[in-house]
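**Q** What follows is a single structure, and I will ask about it in a moment.
There are 2 protein chains.
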Amino acid sequence: MKIQRAFSIKGAGKYLPKTVITSSKIESELNLPEGYIFKRIGVKSRHSAKEESNTFMAKQALNNALKDANISIKDIDCLIGASATFDYIIPNRSSLIKNAFEEALDLDFPCIDINTVCTSFISALDYASLLLSSGDYQHIAIVSSESSSNGLNPNDSETYSLFGDGAAAVIISRTNQKSGLIQYKSKTYSEAAKYTIIEGGGNMNHTKNTPYDPAMYSFKMQGKKLLKNVKTTLPKFLSQFFKPLTVSLQDVNLIVPHQASKLGIRMLIGLNKNNSANIVDQLENHGNCIAASIPIALVSSIENKTLKEGDTCFLLGTAAGMTIGGLLFKYSKL
Amino acid sequence: MKIQRAFSIKGAGKYLPKTVITSSKIESELNLPEGYIFKRIGVKSRHSAKEESNTFMAKQALNNALKDANISIKDIDCLIGASATFDYIIPNRSSLIKNAFEEALDLDFPCIDINTVCTSFISALDYASLLLSSGDYQHIAIVSSESSSNGLNPNDSETYSLFGDGAAAVIISRTNQKSGLIQYKSKTYSEAAKYTIIEGGGNMNHTKNTPYDPAMYSFKMQGKKLLKNVKTTLPKFLSQFFKPLTVSLQDVNLIVPHQASKLGIRMLIGLNKNNSANIVDQLENHGNCIAASIPIALVSSIENKTLKEGDTCFLLGTAAGMTIGGLLFKYSKL
């Protein structure tokens, strides 16, 4: 297995909002039978950012990652924000995260946002590996922080009961280890571009002309159409991804999928039926945390040692757009 | 001059909205004396996207760039969206642009957004050069498309009369020429993070809880504080940028600055006083087109042959965050 671009994950941290909302509570609210949401959507509880902003969660997660790496914000050379939701339209997410660190006010490292919606972390990790390979950086922070609750429509039980909030951060560092990126691919299948959308709030339906209503300002998903599309595109994507490699999906030590939905994760388990034990599934207690799903699952796997030094790890996700992103890397903390 | 990462600009195109709004018209609307806006802000007229969406303008600009490069959308390996404004919150801008090309519906090249607000094009160009250097791409499209009018407050004459709309696209290609990136730097100065902001529309003041009012949902700028900050940071930035190089700012053939404001461009002319003729200034007829300002000015310079084969070109901008971005490259179309 050839390492294309070396990196280590020197630090990993996450933050989960204090408020936990059980599916029973949502079932009462929506007059659904007890157990309906877990059975249908696969979620028992999720964290909800009732008190926390995106920036606050991001700061906590990054602080935890810095502690884990045993470095300080002063050692960071670049901060990449990799999320779909945001506190403000302007400035970008990453600048607000840096601004939340008082000790960073006189540091001048750059802040940049990357957005491929739910696969933003995968795109950001490839980008970070490219930046490291340019030789100008030592430590790059990637932070995903998502707060979905404002953008959910209580009249749409499928999405209302699926999403959760949270943040995760990693420190990607230059290394002498034989670890890092083996393969990255991102593909956008435009036929499905508008199967997942928030219609209001941009220039198309600006708040100026379009007052708030939950249907207009919430995440809308044509679940069946989307799943049909993914059923065709995902196997093709995976075959193209692994074809040039000497490893197959079955050989990968740990698969960290986007926690998109019960059916989404099941589809992946189907594709990897010889080795379903190595797929991280946190949907039950986290819900779909948009772009934070993959890094939260990755950070958890590092924390609980499911992902070990020298292991191969495959990040895989689908995203609004519709994009499928995959990144295979060899893990090292050193 | 060492080329760090080779690229050519195989194609360049722009789109300017049909509607032109003169400053006289705004002066009547706001009861300002005739000539006040040009004298104070430096803008005589600007294009306004009354009929055009961000995605529509982006498609026109990209079509023009593809024609100029004599290639088709089928030859594109990656599309980078580099804008601050957007039609929809989800999906990302670049996926919507690809979706607007009917002939691209069955193509699977990836779409990714980069956001450093007004310097997004600079960040995207560095990113594209990194992607090209990885060897997996031949042609990368970068598209900036901005529509500011929904986000302007008529009660704030300084910003209301400053901004304009438009789009520009370039095709960045692998090349055998000795052209491409000489130096790139982006630095974020967090002290000024909130001097430029749109307060409403994100999670901090969500439309759900905060009905539309122009002060809340429009771009707000603490111009004096910002300018004071830039006066300190810009000279330092430029000195650090050129220090390791064998060329100085005065040697550069063409400087394409972000058309931030009259004072912003003047400050730059002051810094480059030995050679002010080589600074592109389109503020008068375009206004500040956010992230599209730099590529519109770049594309114009290529079209009118102010930028010629083999010339060095320095892109420089300030952005909300507050970020200063600079990219020096040697131009080739081949």
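If you read the sequences in order, they're chains A and B.
Residues 295 to 628 in this note's numbering are what the first sequence lists, from first letter to last.
Residues 295 to 628 in this note's numbering are what the second sequence lists, from first letter to last.
Glycine is no exception: its CB is placed at the ideal position from the N, C-alpha and C atoms.
Nothing here was measured: the structure is a model prediction, and the numbers come from that model.
(1) Within its chain, find whatever has a CB closer than 6 Å to the CB of ALA306/A; leave out the 5 residues flanking it on each side and keep chain order.
(2) Under 8 Å, CB to CB, which of the residues in the segment 400–411 of chain A have a partner in chain B?
(3) For a contact defined as C-beta to C-beta under 8 Å, what are the partners of ALA487/A on chain B?
(4) DSSP beta-bridge partners for HIS341/B?
(5) For the segment 350–368 of chain B, which residues have a CB atom closer than 9 Å to at least one CB atom of chain A, in sequence order?
(6) Excluding five sequence neighbours on each side, which residues of the same chain lie with their C-beta closer than 7 Å to the C-beta of GLU485/B?
(7) Report yes if the C-beta distance between VAL314/B and LEU456/B is below 8 Å; otherwise report no.
(8) Helix or strand or just coil, what does DSSP make of HIS552/B?
(9) How would you write the range of the alpha helix (DSSP H) that GLY496/A sits in, first residue to last?
(10) Contact defined as beta carbons within less than 8 Å: I believe GLY285/A pairs with PHE535/A. What is the distance between those atoms, to the nearest angstrom?
(11) Please list the partners that LEU465/B has in chain A, where partner means a Cβ-to-Cβ separation under 9 Å.
(12) Can you pull the chain B neighbours of HIS500/A, defined as C-beta to C-beta under 7 Å?
(13) For THR482/B, which residues of its own chain have a beta-carbon under 6 Å away from its beta-carbon, when the five flanking residues on both sides are left out?
(14) Less than 8 Å between the C-beta atoms of CYS405/A and THR612/A, yes or no?
(15) Determine whether the Cβ of GLU321/A lies closer than 8 Å to any Cβ atom of chain B.
(16) According to DSSP, what are the bridge partners of SER251/B?
(17) Can you grab the Cα-Cα spacing for the pair LEU601/B / LEU562/B, in whole Å?
(18) Measure how close the beta-carbons of ALA435/B and ILE374/B come, nearest whole angstrom, since I'm counting them as under 8 Å.
(19) How is the alpha helix (DSSP H) around HIS580/A delimited, first residue to last?
(20) Please decide whether ALA378/A counts as near chain B, where near means a Cβ-Cβ distance under 8 Å.
(21) Under a Cβ-count criterion, where at least 16 other Cβ atoms within 10 Å of its own Cβ denotes burial, should MET351/A be classed as buried or exposed?
(22) Check each candidate in GLY495/B, PRO508/B, GLY581/B, ASN572/B and name the one with the smallest Cα separation from ASN449/B.
(23) Buried or exposed, going by whether 16 or more other CB atoms sit within 10 Å of the CB of SER442/B?
(24) Measuring only between beta-carbons, confirm whether ASN569/B sits less than 8 Å from chain A.
(25) Any idea if GLU345/B is buried or exposed, counting beta-carbon neighbours within 10 angstroms, 16 or more meaning buried?
(26) Thinking just about the alpha-carbon of each residue, which of ARG468/B, ASN444/B, ASN447/B is nearest to the one in LEU419/B?
(27) Measure the alpha-carbon distance for ALA355/A versus VAL574/A and round it to whole angstroms.
(28) Cβ atoms of ASN547/A and THR606/A: under 8 Å apart, would you say?
(29) Return the Cβ separation of GLY445/B and THR349/B in integer angstroms, given the expectation that the two are a contact with Cβ distance under 8 Å.
(30) Is the shortest distance between the beta-carbon of SER438/B and the beta-carbons of chain A less than 8 Å?
(31) What are the complete beta strand (DSSP E) segments, minimum 3 residues, inside the segment 433–468 of chain A?
(32) Please decide whether PRO327/A counts as near chain B, where near means a Cβ-Cβ distance under 8 Å.
(33) Exposed or buried, what is LEU424/A when buried is set at 16 or more other beta-carbons lying within 10 Å of its beta-carbon?
(34) Run the CB neighbour count on GLY604/B, radius 10 Å, all protein chains shown included, and call it buried at 16 or more, exposed below.
(35) To which residues of the same chain is ARG370/B closer than 6 Å at the C-beta, ignoring the five residues directly before and after it?
(36) Can you give the beta carbon distance from ALA300/B to GLY474/B, rounded, assuming they're within the 8 Å contact cut?
**A** For this structure:
(1) ALA359, ASP362, VAL464, VAL593, ILE596
(2) ASP400, LEU401, ASP402, PHE403, PRO404, CYS405, ILE406, ASP407, ILE408, ASN409, THR410, VAL411
(3) PRO385, SER389, LEU390, LYS392, ASN393
(4) VAL314/B
(5) none
(6) ASN523
(7) no
(8) coil
(9) Where GLY496/A is concerned, there is no enclosing alpha helix (DSSP H), given that its DSSP letter is neither H nor E.
(10) With chain A running from 295 to 628 in the structure shown, residue 285/A is simply not present.
(11) In the sequence on display, residue 465/B carries Ile and not Leu. Those do not exist, as ILE465/B stays about 18 Å from chain A at its closest Cβ, beyond 9 Å.
(12) ASN444
(13) Non-local beta-carbon contacts of THR482/B in its own chain, meaning distances under 6 Å to residues more than five positions away in sequence, involve GLY615, THR617 in chain order.
(14) no
(15) no
(16) No answer is possible for residue 251/B: it lies beyond the span of chain B, which begins at 295 and ends at 628.
(17) 19 Å
(18) 7 Å
(19) First-last of the alpha helix (DSSP H) with HIS580/A: 577–580.
(20) yes
(21) buried
(22) Considering only GLY495/B, PRO508/B, GLY581/B, ASN572/B, the residue with the shortest C-alpha distance to ASN449/B is PRO508/B.
(23) buried
(24) no
(25) exposed
(26) ARG468/B
(27) 20 Å
(28) Yes.
(29) The pair is not a contact, with the Cβ atoms about 17 Å apart (cut-off 8 Å).
(30) no
(31) 433–440, 460–467
(32) no
(33) buried
(34) Classification of GLY604/B: exposed, given that the 10 Å Cβ count is below 16.
(35) Reading the sequence as shown, one finds Ile at residue 370/B and not Arg. So the list reads PHE403, HIS433, ALA435, once near-sequence residues are dropped.
(36) 4 Å
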